[in-house]
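One structure is given here, and the rest of the page talks about it.
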Amino acid sequence: MADRQTTLFDLEQHGDFVRRHIGPDEAEIDAMLKSLDIDSLEHLVDRAVPASIRTERTLNVPGPRSERGTGTYLRRMRHRNRVFVSMIGAGYHGTVMPPVIRRNVLENPDWYTAYTPYQAEVSQGRLEVLLTFQQMVIDLTGMELANASLLDEATAAAEAMAMSRRVSRSKSNRFLVDPDCHPQTIAVVQTRAESMGWDVVVADPGRAVQKDEYFGVLLQYPGSTGAVSDPRKVIESAHEQGALVTVAADILALALLTPPGELGADVVVGSTQRFGVPMGYGGPHAAFFATRDAHKRATPGRIIGVSQDANGRRALRMALQTREQHIRRDKATSNICTAQVLLAVLSALYAMYHGEDGIRTIARRVHRTACIFARGLKRHGYKVVNRHYFDTILVRVPGLANRIAARARESNINLRVVDADHVSVTFDETTRRENVVALWGVFSTAAPAKLDIDRIDKTVKDAIPPALVRESRYLTNEVFSLYHSETEMMRYLRRVVSKDISLGRSMIPLGSCTMKLNATSELLPLGFRDFTALHPFAPLAQTQGYPQLFDEPVRLPGRVLFGSTGDKGYGSSADGRDELVPCGYQPPSSAFLSGATLAPALGVSFLGASLFSSGHPVRVQASDITNAALSRFPSFMAD
């Protein structure tokens, strides 16, 4: 019989992406099956997944797109997003990633694939930059100890609350939160506290701490609506009760403000996003967590330490990592994502590239721009609510907040509507003079013709309270002064990356579950401004590409996988008990920190993904388990 004629469909290579990226080929699959004494992949699934939790129903999945076709599809999708000048603030800011860092780190597989440094001996390059990240955080916060990053600012605040409960001498079950914290931070803290049985009180800390007892207090510095106030009295009162005080701080503001460590804070958390990392519609971004040395064994996340090898040379390692989910599992003190390595690396390199003087200059420019804008508003009769601020101006506009925000959008500017009577305007590293002039015109059409930035600049004064002006230095280690030129930074990056085992050299031995599975075409969108320059609170009408992107993945049917209290209800059984089936990168520690109790009931493991439930029958498709085990975690930069 003659061989089947090759068709045009065959020549179009529809499965070429799978062949080139996913691998193995048919011969390799046959070899692996033979070594397992299994006839086929279907037989493997039969052996690995109990029939009682499988279904034979065929999935309604569309055919695959080619890499080129996917690129075209994503281009059309991202053009549905509209990037306005973001002055919303609330913890997310425009920033500039230095091109030398973008090209040599973010777009370099030696960096974005070499990720979780579980094996220190082949991760010395990453560990060196993470050690720099820790030093950067220690310097700017004025604390004694910092970890190597957490998931984001909101979850870092939740981790600080949990640590406060472990360390505090107070018998209280209440945690006090400043109402001027970022709204997303308050929401995450409330969610974590609910699962652990703690009460979160959102109230004026100056008054509340005098009336009731709390095991911890969370303050924002500067406040979400811009106010810069001295927290020392609140900290002193809280300490008298035996409570720990966490300060959520803006890392750029700390270049000008007295660091919380010098004000008596016990924990300092925040985001390093504005150190060169795009907003990305809300993430991912590396959080920082700094505390006192006395609390090092209660600190969540990993800490990079300095040791010596057998030859007496400096060797870096992950110290005190027994708190981590990969060792202690349900007894871990960290949440599911205990670091944001690539994002922490980017922000540390940003600080190295700019140094102390460069960071201070950026902070002063942001602050001066805010002061100039505020002076112009006052000249046209508007009331600036806060006397002291860093980069955010709160403006009183009785009954006109939504109207002014709408007028700003007509000028391609997004403002934050605080309430019907107030809008806030936040300035950042990317703010230009023409943005200031355009925004004056939003508040008063006559303002641009009457106001001159340079004239106002000569008369304006800083709006930071004298008692909170920073006097201590930061970023004084030589690593922050050696690489200010593009050439020196490029050479440094080449030297450091040569110390690592990465996908550019071989298969990564351990960790990096998600990163090493990403093809180049999957990472190209990281450079698309239509995706990366969007604020998470931007109006939905400007972000239509993202909802389309969110709806594209095939959704897993059934109520099976959940790893946080935000998903409770998806796994509820008939008698109200919660069922949990964490797969892949959903470890027991995540469930434990969500208040769930796990009991191994199914007794099977598929591709290293242990299955758990509360003991009730759970029906799962084999494809669900495969996808969950291979996908690991939905954030491409979290580990």
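First residue of the sequence shown? That's 59 in the working numbering, and the numbers climb one at a time after it.
Ideal Cβ placement from N, Cα and C applies to all residues, glycine included.
Just so we're clear, the structure is a prediction, and the values are computed from it rather than from any experiment.
Of the residues the options, the one placed nearest residue i, counting alpha carbons only
i, options, result
"Ala-285", "Ser-564, Asp-588, Val-453 and Ala-596", "Val-453"
"Val-554", "Thr-503, Tyr-604, Leu-374 and Thr-488", "Leu-374"
"Asp-238", "Val-259, Thr-517, Leu-66 and His-79", "Val-259"
"Arg-531", "Arg-78, Asp-104, Ile-417 and Met-547", "Ile-417"
"Lys-229", "Glu-211, Ile-159 and Asp-270", "Asp-270"
"Asp-449", "Gly-129, Pro-597 and Ala-307", "Ala-307"
"Ile-196", "Gly-281, Gln-182, His-438 and Glu-320", "Glu-320"
"Val-76", "Asn-118, Ala-261 and Glu-125", "Glu-125"
"Asp-288", "Pro-524, Arg-587, His-297 and Leu-203", "Pro-524"
"Leu-198", "Gly-328, Ile-451 and Ser-556", "Gly-328"
"Arg-250", "His-240, Asp-262 and Ala-218", "Ala-218"
Residue i and residue j closer than 7 angstroms at C-beta
i, j, result
"Ser-222", "Phe-273", "yes"
"Val-442", "Met-145", "no"
"Gly-300", "Arg-371", "no"
"Pro-317", "Val-305", "no"
"Val-180", "Ile-559", "yes"
"Ser-295", "Val-267", "yes"
"Val-141", "Asn-493", "no"
"Ala-496", "Ser-469", "yes"
"Arg-232", "Asp-257", "yes"
"Val-303", "Val-275", "yes"
"Leu-378", "Ile-361", "yes"
"His-151", "Arg-332", "yes"
"Gly-264", "Val-292", "yes"
"Val-702", "Ala-463", "Here the chain has residues from 59 to 697 only, and residue 702 is not among them."
"Leu-243", "Ala-215", "First, the residue type needs correcting, since residue 243 is Thr and not Leu in the sequence shown. In contact: Thr-243 and Ala-215 (Cβ atoms closer than 7 angstroms)."
"Ala-521", "Tyr-440", "no"
"Thr-171", "Leu-561", "yes"
"Tyr-330", "Ser-405", "A small fix is needed here, since residue 330 is Thr in this sequence, not Tyr. Going by C-beta atoms, Thr-330 is nearer than 7 angstroms to Ser-405."
"Met-548", "Val-158", "yes"
"Pro-280", "Ala-311", "yes"
"Arg-528", "Leu-315", "yes"
"Phe-538", "Gly-413", "yes"
"Gly-341", "Asp-210", "yes"
For residue i, three-class secondary structure by DSSP
i, result
"Tyr-170", "helix"
"Leu-310", "coil"
"Arg-375", "strand"
"Gly-363", "strand"
"Asp-609", "helix"
"Glu-70", "coil"
"Asp-197", "helix"
"Met-219", "helix"
"Ala-204", "strand"
"Tyr-550", "helix"
"Arg-77", "helix"
"Ala-285", "strand"
"Asp-83", "coil"
"Phe-233", "strand"
"Ser-110", "helix"
"Met-565", "coil"
"Val-225", "helix"
"Thr-65", "coil"
"Tyr-532", "coil"
First through last residue of the alpha helix (DSSP H) which encompasses residue i
i, result
"Gly-127", "125-136"
"Asp-24", "No answer is possible for residue 24: the residues shown for the chain start at 59 and end at 697."
"Val-495", "491-501"
"Gly-319", "318-321"
"Gly-416", "399-437"
"Val-246", "241-254"
"Ser-295", "290-298"
Run of the beta strand (DSSP E) containing residue i, from where it starts to where it stops
i, result
"Arg-454", "450-454"
"Phe-346", "345-349"
"Ala-306", "302-307"
"Ile-511", "It is not in any beta strand (DSSP E) - Ile-511 instead sits in the alpha helix (DSSP H) that spans 511-517."
"Gln-268", "From DSSP, Gln-268 is part of no beta strand (DSSP E) but of the alpha helix (DSSP H) over 263-269."
"Asn-472", "471-477"
"Leu-277", "274-279"
"Val-259", "257-260"
"Val-326", "325-329"
"Thr-484", "480-484"
7 angstroms Cβ cutoff, residue i in contact with chain B
i, result
"Arg-513", "In the displayed structure, chain B is absent; only one protein chain is listed."
- Query: Do the stretch 425-434 and the stretch 339-353 touch if we need at least three Cβ pairs shorter than 8 angstroms?
  - Reply: Using a C-beta cut-off of 8 angstroms, the stretch 425-434 makes no contact with the stretch 339-353, since fewer than three inter-stretch Cβ pairs fall below that distance.
- Message: When you compare the stretch 408-422 with the stretch 337-350, are there three or more beta-carbon pairs, one atom per stretch, that lie closer than 8 angstroms?
- Response: With a cut-off of 8 angstroms, the stretch 337-350 and the stretch 408-422 do not count as touching, because too few Cβ pairs lie within range.
- Say whether the stretch 83-95 touches the stretch 114-132, bearing in mind that this needs 3 or more beta-carbon pairs closer than 8 angstroms, one atom from each stretch. No contact exists between the stretch 83-95 and the stretch 114-132.
- Would you check if the stretch 399-406 and the stretch 151-164 touch, i.e. whether three or more CB-CB distances between them fall below 8 angstroms? Three or more beta-carbon pairs separated by less than 8 angstroms link the stretch 151-164 to the stretch 399-406, which places the two stretches in contact.
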